[in-house]
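Here the structure comes first, spelled out in structure tokens, and everything after it is commentary.
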Amino acid sequence: MPTPPRRPRRAGPRPDTLGRAEFAASFLRRNRRYRTDHASMVHRIAEGAASEEAAQAALARRWGLSFRLFAG
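Positions 197 to 268 (the numbering used here) are the ones given, in order, by the sequence shown.
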């Protein structure tokens with residue numbers, strides 16, 4: 197049985213694949229506990245119960261998030 201012809205490889209990453217950061221963001225967007233925790237953080241900031249920086253740092257610690265600072 198003949199094999200089908202091979203398609204040439206595309207240059208660069210496939211558009212339908214996610215990098216690590218995109219995969220993590222997609223996971224968190226769908227995670228009910230994260231969404232609840234994030235909404236709670238936003239509510240605490242709005243009420244003045246926590247500073248924005250402190251609340252975001254606490255959320256990042258709980259969920260193991262780290263953010264790169266970009267110069268420019």
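Ideal Cβ positions, reconstructed from N, Cα and C, are used throughout, including at glycine.
Note that this is a predicted model, so its numbers are computed, not measured.
Between the Cα of residue 237 and those of 223, 250, 202, 212, spot the shortest distance and give me the residue it belongs to.
250
Hey, how far is the Cα of residue 219 from the Cα of residue 253?
21 Å
At the level of alpha carbons, what is the spacing between residue 242 and residue 232?
15 Å
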